[in-house]
Amino acid sequence: MYKKDETTEKVLSVIKNYFDENGIDAKNLNEKSNLMKDYDLDSLDYLELFDNLEEEFDIQVSDNMKDYNTLLSVDQLVQYVILNKKNVQN
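In our numbering, the protein residues as written are 1 to 90.
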């Protein structure tokens, strides 16, 4: 089972790596960060970020969840990963 603290750190790491690769300043990034509002991510950024999360956690982000208005904060992404990783393991 995935623990929230471990998952949060891994999700933040995936996001920071994505930010580094795309020249986005990850300053002040934390679990309460709103990726669209705080970092001006667009739908293409979200799709690429979801691909990275799918690869890191071996999950499949459903198409309806790939709407970037659904998973806005880091904490929402963490909760989604925990729920879906749990479902994969069961």
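All residues carry an ideal CB built from backbone N, CA and C; glycine is no exception.
Cβ neighbour criterion (16 or more within 10 Å) applied to residue i
i: Asn-28; result: exposed
i: Thr-70; result: exposed
i: Ile-82; result: buried
i: Lys-4; result: exposed
i: Leu-44; result: exposed
N-terminal and C-terminal residue of the alpha helix (DSSP H) that residue i is part of
i: Glu-54; result: 43–57
i: Lys-9; result: It is worth fixing the name first, because residue 9 is Glu in this sequence and not Lys. Start and end: 4–21.
i: Leu-71; result: Element bounds for Leu-71: n/a, residue is neither H nor E.
i: Asp-40; result: Premise fails: Asp-40 is in no alpha helix (DSSP H) and is neither H nor E.
Beta-carbon spacing of residue i, residue j below 8 Å
i: Lys-47; j: Leu-41; result: First, the amino acid is wrong: residue 47 is Leu here, not Lys. Against a cut-off of 8 Å, the Cβ pair of Leu-41 and Leu-47 comes out as no contact.
> Okay, do the segment 11–31 and the segment 41–56 touch, 3+ Cβ pairs below 8 Å being the bar?
Replying inline: yes
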